[in-house]
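When you line the sequence shown up against the numbering used here, it's residues 4 to 450, in that order. From the three backbone atoms N, C-alpha and C, an ideal C-beta is built for every residue, glycine too. Predicted model, so just to flag it, every value in this text is computed and none were measured. So the structure is just underneath, and the comments pick up after that.
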Amino acid sequence: MMKKIFSNIAALLLLTGFVKAQETVYPARDYKGHLYITNGTVHVGNGEVLQNATIEINDGKIVKIGSGGSTPSGDKVIDAKGKQVYPGLILPSTDLGLKEIANGVRGSNDYSELGEFNPSIRSITAYNTDSKFINVLKANGILLASITPEGGVISGSSTVVQLDAWNWEDAAYKMDAGIHLNMPSFIARGGRRGGGGGFPGGVPGGRGAGAGGEDPLKAAFDRVDEIKAFLREAKAYNAESVHKSTNLKLEAVKGLFDKKQKLFVHGDQVKQMLIAIDFAKEFGCDVVIIGGSESYQIADLLKQNNIAVILGPEHSLPAMEDDDVDQPYKTPAVLQKAGVLFALNDTHDESRYRNLSFNAGTAATYGLTKEQALQAITLNAAKILGVDNRTGSLEVGKDANIVICDGDILDMKSSNVSAAFIQGRQVSLDNKQKELYERYKYKYGIK
Numbered sequence: 004m005m006k007k008i009f010s011n012i013a014a015l016l017l018l019t020g021f022v023k024a025q026e027t028v029y030p031a032r033d034y035k036g037h038l039y040i041t042n043g044t045v046h047v048g049n050g051e052v053l054q055n056a057t058i059e060i061n062d063g064k065i066v067k068i069g070s071g072g073s074t075p076s077g078d079k080v081i082d083a084k085g086k087q088v089y090p091g092l093i094l095p096s097t098d099l100g101l102k103e104i105a106n107g108v109r110g111s112n113d114y115s116e117l118g119e120f121n122p123s124i125r126s127i128t129a130y131n132t133d134s135k136f137i138n139v140l141k142a143n144g145i146l147l148a149s150i151t152p153e154g155g156v157i158s159g160s161s162t163v164v165q166l167d168a169w170n171w172e173d174a175a176y177k178m179d180a181g182i183h184l185n186m187p188s189f190i191a192r193g194g195r196r197g198g199g200g201g202f203p204g205g206v207p208g209g210r211g212a213g214a215g216g217e218d219p220l221k222a223a224f225d226r227v228d229e230i231k232a233f234l235r236e237a238k239a240y241n242a243e244s245v246h247k248s249t250n251l252k253l254e255a256v257k258g259l260f261d262k263k264q265k266l267f268v269h270g271d272q273v274k275q276m277l278i279a280i281d282f283a284k285e286f287g288c289d290v291v292i293i294g295g296s297e298s299y300q301i302a303d304l305l306k307q308n309n310i311a312v313i314l315g316p317e318h319s320l321p322a323m324e325d326d327d328v329d330q331p332y333k334t335p336a337v338l339q340k341a342g343v344l345f346a347l348n349d350t351h352d353e354s355r356y357r358n359l360s361f362n363a364g365t366a367a368t369y370g371l372t373k374e375q376a377l378q379a380i381t382l383n384a385a386k387i388l389g390v391d392n393r394t395g396s397l398e399v400g401k402d403a404n405i406v407i408c409d410g411d412i413l414d415m416k417s418s419n420v421s422a423a424f425i426q427g428r429q430v431s432l433d434n435k436q437k438e439l440y441e442r443y444k445y446k447y448g449i450k
């Protein structure tokens with residue numbers, strides 16, 4: 004009798020989708036041996052498209068790719084006939100795994116540290132691989148992300164992670180890849196865009212430009228002087244062969260000067276970006292702009308100085324009142340035309356970053372080709388984050404980070420990710436949203 008009861012409960016759970024609850028969605032085990040993805044339309048990620056192509060994978064690496072070809076019997080074969088095959092999408096700057104409930108539950112958030120100069124803070128050690136949002140992103144084709152700290156003037160270091168892991172050690176794809184700096188605002192405009200990370204008046208660390216009658220330009224330039232003084236001290240410290248005493252904050256930015264790390268400067272205003280260019284010249288470091296809503300105004304200058312840009316969300320209002328209302332949609336095409344290396348991003352708290360590919364779809368409507376838009380969320384992002392030798396495109400020797408989609412991944416209407424692979428492991432696409440979908444289908448008798 005008891006066996007029958009348990010059998011009926013199991014059947015009910017299976018029907019409602021609860022057997023595959025988030026808590027039982029495990030990271031995939033390593034796949035050893037050969038795997039073939041055949042007959043698909045393969046978007047390489049570098050602008051090239053291969054029809055009816057086969058991708059051969061061995062021990063998690065792409066070993067061959069091309070049209071046609073036979074597959075040995077006995078090997079695992081995924082038939083992608085009639086489907087589109089893409090590189091795994093990359094979210095280039097995010098608080099994923101650091102912020103669970105954005106407003107109201109402080110205990111679920113660990114993305115910001117007290118103090119203004121915190122270069123020794125490592126975001127990866129706070130990264131929560133059990134975040135409910137991670138599996139939702141995978142189901143939308145996002146397989147890697149750069150986990151970024153926030154707050155203060157220098158927030159700390161970011162790490163690139165793959166999104167199918169038991170813990171942060173498993174997740175780490177490129178450790179401490181960049182140092183993040185929030186540029187002070189040169190405009191006193193309260194909560195308007197264009198500041199350093201959403202702080203009052205646009206100045207990080209709680210000191211608003213122009214607060215208490217203070218001249219906003221003077222406040223901003225004073226802060227810039229503080230940043231330069233810190234970087235000069237750090238450069239001198241790290242040039243020493245022997246230190247009398249260890250300074251963890253100065254040690255943490257050593258990679259900026261030997262180019263093992265990049266300096267990610269958060270700012271939207273032209274003045275902020277001009278100072279970032281000045282940083283690149285004075286300190287000899289690789290600089291990336293994050294935000295860059297006004298970057299279209301100085302695209303040629305950014306190209307001349309080899310400054311890359313990670314654009315903020317496109318689905319937003321323009322930064323300035325005089326901008327065209329669709330300027331955020333057009334900016335990617337301006338940067339593309341100027342030859343600036345850029346990536347697209349999604350930081351929208353409500354949708355929790357899953358619309359990355361649709362931001363790219365919007366850019367494809369406003370001047371980019373579809374392959375250029377795809378590249379802005381795959382290979383370009385990988386280049387900016389310093390992982391393009393391993394991922395970002397479907398090429399021989401790279402990790403098999405692959406997405407199979409029933410339709411166009413950039414199109415909200417037809418996009419439906421049917422399979423995803425991280426380093427050759429086929430990962431689960433089950434998530435909380437799918438659970439709720441199945442739950443209410445069952446409630447209302449929808450088949």
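Secondary structure of residue i, DSSP reduced to three states
i, result
"G36", "coil"
"G155", "coil"
"G50", "coil"
"K444", "helix"
"M276", "helix"
"G270", "strand"
"L382", "helix"
"P335", "helix"
"L439", "helix"
"A83", "coil"
"L412", "Contrary to the premise, residue 412 reads as Ile rather than Leu in this sequence. Correct three-state label for I412: coil."
"F286", "helix"
"D303", "helix"
"A56", "strand"
"R432", "In the sequence on display, residue 432 carries Leu and not Arg. Coil."
"Q330", "helix"
"L397", "coil"
"A191", "coil"
"I150", "strand"
"G389", "coil"
"A31", "coil"
C-beta contact flag for residue i and residue j at 8 Å
i, j, result
"L413", "A346", "no"
"Y114", "P152", "yes"
"E317", "T365", "yes"
"D82", "G427", "no"
"G144", "E116", "no"
"F136", "R355", "yes"
"I60", "A403", "yes"
"W171", "Y130", "yes"
"S149", "G100", "no"
"V45", "A56", "yes"
"G400", "K86", "no"
"D327", "V28", "no"
"R226", "P187", "yes"
"D271", "A239", "no"
"V268", "A237", "no"
"G155", "F120", "yes"
"V343", "A142", "no"
"T132", "V80", "no"
Residue i: first and last residue of the uninterrupted alpha helix (DSSP H) it sits in
i, result
"Q426", "Careful: Q426 lies outside any alpha helix (DSSP H) and carries neither H nor E."
"M323", "No alpha helix (DSSP H) holds M323; DSSP gives it neither H nor E."
"Q375", "373-378"
"G364", "359-368"
"L101", "Looking at the DSSP string, L101 is not in any alpha helix (DSSP H), and its letter there is neither H nor E."
"G258", "257-260"
"A311", "Where A311 is concerned, there is no enclosing alpha helix (DSSP H), although the beta strand (DSSP E) it sits in stretches over 311-314."
"Y240", "219-242"
"K177", "Segment 175-185 is the beta strand (DSSP E) holding K177; no alpha helix (DSSP H) there."
"V139", "135-142"
Beta-carbon separation (whole angstroms), residue i vs residue j, contact threshold 8 Å
i, j, result
"V273", "Q300", "6 Å"
"G395", "G48", "6 Å"
"A341", "D303", "5 Å"
"I310", "A283", "7 Å"
"Y39", "D78", "6 Å"
"F189", "A232", "Rounded, the Cβ-Cβ distance is 19 Å, inconsistent with contact."
"D281", "K265", "Going by Cβ atoms, the distance from D281 to K265 rounds to 16 Å, so no, they are not a contact pair."
Bounding residues of the beta strand (DSSP E) (the contiguous stretch that carries residue i)
i, result
"I127", "Counting along the chain, I127 falls outside any beta strand (DSSP E), and DSSP gives it neither H nor E."
"V66", "64-70"
Three-pair Cβ contact test at 8 Å for the stretch 289-296 versus the stretch 117-134: no
Segment contact, 8 Å Cβ cut-off, at least three pairs: the stretch 386-395 with the stretch 83-94: yes
The stretch 370-377 touching the stretch 422-439, judged by at least three CB pairs closer than 8 Å: no
Three-pair Cβ contact test at 8 Å for the stretch 404-412 versus the stretch 177-184: no
At least three beta-carbon pairs within less than 8 Å, the stretch 104-111 to the stretch 160-175: no
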